[in-house]
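Student:
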Amino acid sequence: MFMGFSLAFNTIIPDMFHQKLTHLHLPVDHQLPDAQTSTGLSPYQQQVFADCVERYHPAPPDDVSRSAGYFRCSGAFDVNKHTVRRTEVSGMNCDQLLLHPRVSAALRRDLQRLTGLSNSDVQQLITAAAAVCRRHPPITAQQLQHGVSGAQLRLGCPVLDCLLRGGLPVGGITELAGESGTGKTQVGLQLSLSVQYPAEHGGLGAGALYVCTEDSFPIKRLHQLIGEQVCLRSDVPADLVSSLRFSDHVYIEHTADLDSLLVCLTRRARLLLTRGLVRLIVVDSVAALFRTEFQADDWLERNRQLLTFSSMLHHLSQEFSTPVLCINQVTDVFSQSHNSMGPSLSTVSPALGLAWANQVMVRLMMSRLQGTVVRGDQSSALRRLEVVFAPHLARDGQNAAVWREGLRGVESWTSNRK
Amino acid sequence: MQRPVSSLPLSQAVRLKLGSAGFQLTADLLDFKPDKLSKETGLSEEEAVEVLKAVKGGGGGGRGDISASLTALELLQKEEELRSIVTFSSQLDECLGGGIPVGKITEVCGVPGIGKTQLCLQLAVDVQVPQCFGGVEGQVMFIDTVGSFLLQRVTDIAAAAVRHCSLLAEDDEQRAAMETFTVETILSNIFLVRCHDYVELLAELHLLPDFLSQHPKIHLLVIDSVAFPFRLLFDELSQRTRLLNGVGQQLITMAINHNIAVVITNQMTTRIRDGQSHIVPALGECWGHAPTIRLLLQWEGSRRLATIFKSPCHVETTVQYQITPEGFRDADQSEMAHSKRPRMDTDQSAAEPKDTSS
């Protein structure tokens with residue numbers, strides 16, 4: 001079976017290199033999942049390439065294997081086991097391999113042999129490839145200030161937005177953890193509505209994707225919130241509020257297991273984001289699926305799945321400048337000495353452990369306090385929204401209550417329960 | 001210093017063979033041993049030896065940065081000339097012997113929320129402190145893989161640093177320096193790159209030496225965080241180790257050649273040992289050898305502690321610090337043990353006459 005190495009370069013690479021390289025062809029697995037095309041070859045495909053070059057040059061020279069250690073004689077590579085197809089692989093895929101500093105030394109020799117390019121030419125090639133891989137050249141923070149960035153998604157209540165210094169940051173995972181019944185879903189619903197306002201009123205001008213993993217979506221509560229939006233958002237002109245068709249722009253997904261959750265994110269979320277229909281993703285809740293589907297011993301597999309899921313969310317968030325809210329459950333903390341992840345003041349800590357916490361940029365906690373707040377004919381149990389950690393927020397909290405129109409901060413109460 | 005092969009005093013046939021094998025410049029021939037060269041080009045062993053002699057004999061090797069050897073005294077003098085980058089926490093600076101050293105790699109590890117990014121942002125501002133205040137007065141290259149570089153926070157820290165220095169300004173030179181040390185100039189001296197996966201990070205590191213040569217005033221490189229993109233390579237741990245070794249080598253080379261301090265951030269992971277779980281820095285044991293100095297940030301009750309747990313030149317010490325709205329600071333000795341950061345802290349820092357730039 002013929003195999004080789006094919007590249008389609010863009011105009012940054014000079015023509016002479018293009019000529020020299022087109023006679024090489026790379027075999028790829030015929031199933032190229034969508035998620036991989038933007039990031040390059042999958043690890044499996046890289047291994048295929050490595051094995052192919054190994055087979056092409058069966059005995060790697062001593063100094064190459066010493067310095068690179070990349071090519072391993074891992075037994076005979078059976079070509080017939082793998083379906084191969086000659087494909088035009090974009091320049092990005094192979095640059096991924098060329099960039100490995102160790103491998104580049106080894107590949108340089110092989111590329112030199114295969115293409116007849118000299119060492120300095122290959123260096124130039126690698127540099128050009130790296131330049132292609134880089135999305136933006138470095139900018140100064142001052143330019144960032146003047147550019148389009150730092151948009152935030154307001155919650156809708158001025159007191160709580162003040163706690164968050166503007167709202168949820170765009171581009172990063174925000175986690176909201178708390179015991180059941182504290183009002184986390186309320187926050188998710190409220191954000192699904194506030195995202196639909198235009199930018200001057202703290203929204204992002206698009207809809208929301210709400211992924212439910214445990215209970216069914218509280219549609220009645222959403223309609224109630226929509227009805228009371230005029231009351232909640234007194235800062236927005238009433239005719240603007242009534243002109244927005246809120247329920248048309250909340251996309252609801254029910255996913256009962258991990259596989260369908262991942263499919264939902266890779267296909268439907270990406271589609272909605274690309275078309276600009278949504279600019280908020282709410283996952284309610286993250287813990288449910290990961291806690292139920294794995295046994296206690298499977299924590300390695302669970303962490304793997306967790307990392308895959310969170311990196312997918314993170315990439316979507318960064319690529320489309322979309323805030324992502326993940327609602328999490330809590331777990332009890334028995335011994336304070338073991339809870340070295342936080343200042344150990346509370347008896348509960350967010351679920352899913354350190355592996356998940358490493359992926360989160362902003363962590364908020366909702367808890368229920370003793371006491372009720374009364375306003376007119378409504379009364380609500382007192383809650384507290386706390387910032388556990390965030391790069392731009394102080395560790396602080398704010399009391400809040402849940403009303404018909406949604407979650408609102410309670411200003412005058414300074415409960416000294418620290 | 002790079003001669004074309006055709007200019008070497010060799011026979012025509014040998015030159016033709018070299019040319020067809022792809023060797024254009026003498027620099028390409030430097031890494032080859034005679035037997036390998038003969039295999040690649042089809043020359044006989046003697047001819048290969050002759051070629052290599054001709055290459056090495058004339059032209060001095062083609063590589064200009066083979067430096068003469070230095071004595072230890074010269075190295076000591078060089079190190080003393082380099083200032084360290086203050087962290088604005090005088091206790092930590094004391095333990096580090098002045099601050100984060102230039103020319104070395106410093107790793108900061110800790111659980112989420114402990115203040116690693118805060119320390120990185122603080123250093124990005126501190127490196128720009130003018131020399132008359134004891135700073136390095138350099139620029140900074142910030143590589144952000146997590147998305148935690150938020151302008152609001154950087155502006156806060158920059159404004160607090162400017163306030164702190166303007167309170168310390170005593171003589172005319174320092175007052176003149178304050179003209180150029182403003183929030184705007186601080187922001188204009190921070191170069192930001194956002195990398196979304198490890199490929200982009202590797203590309204950025206590959207192109208960094210050129211960028212550093214074009215901007216010789218950069219004295220700090222921050223990568224926040226190194227662990228985040230690499231932890232997704234959980235299937236091929238050996239590949240990850242190789243890539244990380246390469247990254248470590250590149251960073252050391254850049255730190256020495258371009259005279260910069262490299263600060264990288266690492267995450268923590270759980271390791272089961274003897275039936276008990278411990279929290280250790282991520283990326284494995286091999287990665288632990290790459291940084292020169294390792295700082296561990298951790299909680300103890302409601303206090304934040306910073307420990308130097310690997311350093312060839314410092315004692316292993318632990319100091320307490322806090323994160324205020326102004327940034328990374330010493331813990332107040334008189335502070336009651338409560339975990340909330342004070343809200344409006346401006347008068348507290350104004351009253352501190354601490355000279356952290358010693």
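In order, the protein sequences belong to chains S and L.
Residues in the first sequence are numbered from 1 upward in steps of one, following full-length UniProt numbering.
Residues in the second sequence are numbered from 1 upward in steps of one, following full-length UniProt numbering.
All C-beta atoms, glycine included, are put in the ideal place defined by N, C-alpha and C.
(1) Secondary structure at Arg408/S, three-state DSSP: helix, strand or coil?
(2) Is DSSP giving Gln370/S helix, strand or coil here?
(3) Using DSSP's beta-bridge definition, name the partner residues of Thr140/S.
(4) With DSSP run on the structure shown, which of helix, strand or coil describes Lys104/L?
(5) Report the option in Val263/L, Gly138/L and Glu45/L whose CA atom is closest to the CA atom of Thr117/L.
(6) What does DSSP give as the partner residue(s) for Arg128/S in the beta ladder?
(7) Tell me whether Gly178/S sits in a helix, a strand or coil according to DSSP, three-state version.
(8) Val358/S touches chain L at which residues, Cβ-Cβ below 7 Å?
(9) When the Cβ atoms of the region 123-131 of chain S are set against those of the region 171-188 of chain L, are three or more pairs found closer than 8 Å?
(10) Kindly list, in the order they appear in chain S, the residues whose Cβ is closer than 7 Å to that of Ala203/L.
(11) Who are the neighbours of Gln145/S on chain L, taking C-beta pairs under 7 Å?
(12) With DSSP collapsed to three states, give me the class of Tyr197/S.
(13) Counting only beta-carbon separations shorter than 8 Å, does Gln142/S have a partner in chain L?
(14) Could you name the residues of the same chain whose beta carbon sits closer than 8 Å to that of Gln370/S, not counting the 5 residues immediately before and after it, in chain order?
(15) Note down the Cα distance separating Leu262/S from Leu176/S, rounded to an integer number of angstroms.
(16) Closest to Arg279/S by C-alpha separation, out of Val387/S, Leu240/S, Cys162/S and Ser194/S, would be which residue?
(17) Which bits of chain B does Met141/L rub up against, with CB to CB less than 9 Å?
(18) Hey, Glu107/L and Arg242/L: beta-carbon distance below 8 Å or not?
(19) So is Ser148/L in contact with chain S if we call contact Cβ pairs under 8 Å?
(20) Using 8 Å as the threshold, is the C-beta distance between His314/L and Cys95/L below it?
(21) Given 8 Å as the limit, is there contact between the region 268-284 of chain L and the region 84-104 of chain L, that is, 3 or more CB pairs closer than that?
(22) Should the region 154-167 of chain S be called in touch with the region 203-221 of chain L, which here means at least 3 C-beta pairs below 8 Å?
(23) Find the nearest neighbour of Ser317/S within the set Ala401/S, Leu168/S and Pro138/S, judged by alpha-carbon distance.
(24) Can you tell me whether DSSP reads Ala400/S as helix, strand or coil?
(25) Where in the region 205-262 of chain S do unbroken runs of the beta strand (DSSP E), each at least 3 residues long, occur, reported from the N-terminal end onward?
(26) When the Cα atoms are used, what is the spatial distance from Glu80/L to Asp93/L?
(27) So what does DSSP say about Pro58/S, is it helix, strand or coil?
(28) Can you pull the chain L neighbours of Arg165/S, defined as C-beta to C-beta under 8 Å?
(29) Taking the beta carbon of Thr41/L as the centre, do at least 16 other beta carbons fall within 10 Å, making it buried, or is it exposed?
(30) In chain S, which residues lie with their C-beta within 7 Å of the C-beta of Glu179/L?
(31) Would Pro325/L pass as an interface residue toward chain S - the criterion being a Cβ-Cβ separation below 8 Å?
(32) What is the C-beta distance between Ala158/L and Leu123/L, in whole angstroms, given that I count them as a contact (C-beta under 8 Å)?
(33) Of all the options Ser346/S, Tyr197/S, Leu325/S and Ile327/S, which has the alpha carbon lying nearest to the alpha carbon of Val333/S?
(34) Could you give the distance in angstroms between the alpha-carbon of Glu293/S and the alpha-carbon of Phe309/L?
(35) Using beta carbons (cut-off 8 Å, strictly below), is Ala256/S in contact with chain L?
(36) Nearest by alpha-carbon distance to Ser234/S: which of His201/S, Ala256/S and Leu258/S is it?
Tutor: Let me lay it out:
(1) Residue mapping note: residue 408/S aligns to position 408 of the first sequence, counting from 1. Arg408/S: strand per DSSP, three-state reduction.
(2) Here the question's residue 370/S lines up with position 370 in the first sequence. In the structure shown, the three-state DSSP call for Gln370/S is strand.
(3) Position 140 of the first sequence, counting from 1, holds the residue named residue 140/S. Answer by DSSP bridge pairing, in chain order: Phe191/L.
(4) The residue given as residue 104/L occupies position 104 in the second sequence. Here Lys104/L carries a coil assignment [DSSP, helix/strand/coil].
(5) The residue you call residue 117/L lines up with position 117 of the second sequence. Comparing C-alpha distances from Thr117/L to each of Val263/L, Gly138/L and Glu45/L shows the shortest one belongs to Val263/L.
(6) On the first sequence, position 128 is the one that residue 128/S refers to. It should be pointed out that residue 128/S corresponds to Ala in this sequence rather than to Arg. Per DSSP, none; premise fails for Ala128/S.
(7) Looking up residue 178/S in the first sequence gives position 178. In the structure shown, Gly178/S falls within a strand segment according to DSSP collapsed to helix, strand and coil.
(8) One-based indexing of the first sequence puts residue 358/S at position 358. First, the residue type needs correcting, since residue 358/S is Asn and not Val in the sequence shown. In chain order, Pro112 and Gln267 make up the part of chain L whose C-beta sits under 7 Å from the C-beta of Asn358/S.
(9) The region 123-131 of chain S makes no contact with the region 171-188 of chain L, as fewer than three CB pairs between them are under 8 Å.
(10) Start at 1 with the first residue of the second sequence, and residue 203/L comes out as number 203. Listed along the chain, the chain S residues whose CB falls inside 7 Å of the CB of Ala203/L are Leu99, Ala130, Cys133 and Arg134.
(11) Counting from one through the first sequence, the residue named residue 145/S turns up at place 145. Ordered by position in chain L, the residues that pass the 7 Å Cβ test against Gln145/S are Leu151 and Leu187.
(12) Position 197 of the first sequence, counted from the first residue, corresponds to residue 197/S. The three-state secondary structure of Tyr197/S, taken from DSSP, is coil.
(13) Locating residue 142/S in the first sequence gives position 142, counting from the first residue. A Cβ of chain L is located within less than 8 Å of the beta carbon of Gln142/S.
(14) Within the first sequence, numbered from 1, the residue matching residue 370/S stands at position 370. Hits under 8 Å: Leu382.
(15) If you number the first sequence from 1, residue 262/S lands on position 262. If you number the first sequence from 1, residue 176/S lands on position 176. Answer to the nearest angstrom: the Cα atoms are 20 Å apart.
(16) Your numbering for residue 279/S matches position 279 in the first sequence. The closest CA to that of Arg279/S, considering only Val387/S, Leu240/S, Cys162/S and Ser194/S, is found on Ser194/S.
(17) Looking for chain B here will not work: the only protein chains present are S and L.
(18) For this step, residue 107/L is matched to residue 107 along the second sequence. For this step, residue 242/L is matched to residue 242 along the second sequence. Going by C-beta atoms, Glu107/L is not nearer than 8 Å to Arg242/L.
(19) Position 148 of the second sequence holds residue 148/L. Answer yes: the Cβ-Cβ gap between Ser148/L and chain S drops below 8 Å somewhere.
(20) Residue 314/L sits at position 314 when you count from the first residue of the second sequence. Residue 95/L sits at position 95 when you count from the first residue of the second sequence. The answer is yes: Cβ separation under 8 Å.
(21) At 8 Å Cβ cutoff, the stretches do not touch.
(22) Flag = no, the region 154-167 of chain S and the region 203-221 of chain L do not touch.
(23) Numbered from 1 along the first sequence, position 317 holds the residue referred to as residue 317/S. Per the Cα distances, Leu168/S.
(24) On the first sequence, residue 400/S is found 400 positions in, with the first residue counted as 1. Secondary structure at Ala400/S: strand, using DSSP grouped into helix, strand and coil.
(25) With a minimum length of 3 residues, the continuous beta strand (DSSP E) runs that stay inside the region 205-262 of chain S are 207-212 and 250-254.
(26) Sequence index remark: in the second sequence, residue 80/L carries index 80 (1-based). Sequence index remark: in the second sequence, residue 93/L carries index 93 (1-based). Approximately 16 Å between the Cα atoms of the pair.
(27) As a first step, residue 58/S is located in the first sequence; it is residue number 58 there, counting from the start. Since pLDDT at Pro58/S reaches only 41, below the 50 mark, its modelled position is unreliable, and no value is offered.
(28) Start at 1 with the first residue of the first sequence, and residue 165/S comes out as number 165. Within 8 Å Cβ-Cβ: Gln152.
(29) The residue you call residue 41/L lines up with position 41 of the second sequence. That one is buried.
(30) One-based indexing of the second sequence puts residue 179/L at position 179. At a C-beta separation below 7 Å, Glu179/L has no neighbours in chain S, since its nearest C-beta there lies roughly 17 Å away.
(31) Locating residue 325/L in the second sequence gives position 325, where the first residue counts as 1. Chain S places a beta carbon closer than 8 Å to that of Pro325/L, counting this residue as a contact.
(32) Here residue 158/L refers to the residue found at position 158 of the second sequence. Here residue 123/L refers to the residue found at position 123 of the second sequence. Contact between Ala158/L and Leu123/L does not hold, since their C-beta atoms are separated by about 12 Å, which reaches or exceeds 8 Å.
(33) Sequence index remark: in the first sequence, residue 333/S carries index 333 (1-based). Of the candidates Ser346/S, Tyr197/S, Leu325/S and Ile327/S, the one whose C-alpha sits nearest the C-alpha of Val333/S is Ser346/S.
(34) Position 293 of the first sequence, counted from the start, is the residue given in the question as residue 293/S. Position 309 of the second sequence, counted from the start, is the residue given in the question as residue 309/L. Going by C-alpha positions, Glu293/S is about 39 Å away from Phe309/L.
(35) Here residue 256/S corresponds to residue number 256 of the first sequence, with the count starting at 1. With 8 Å as the cut-off, Ala256/S does not count as an interface residue toward chain L.
(36) In the first sequence, residue 234/S corresponds to position 234, counting from 1. Answer by Cα proximity: His201/S.
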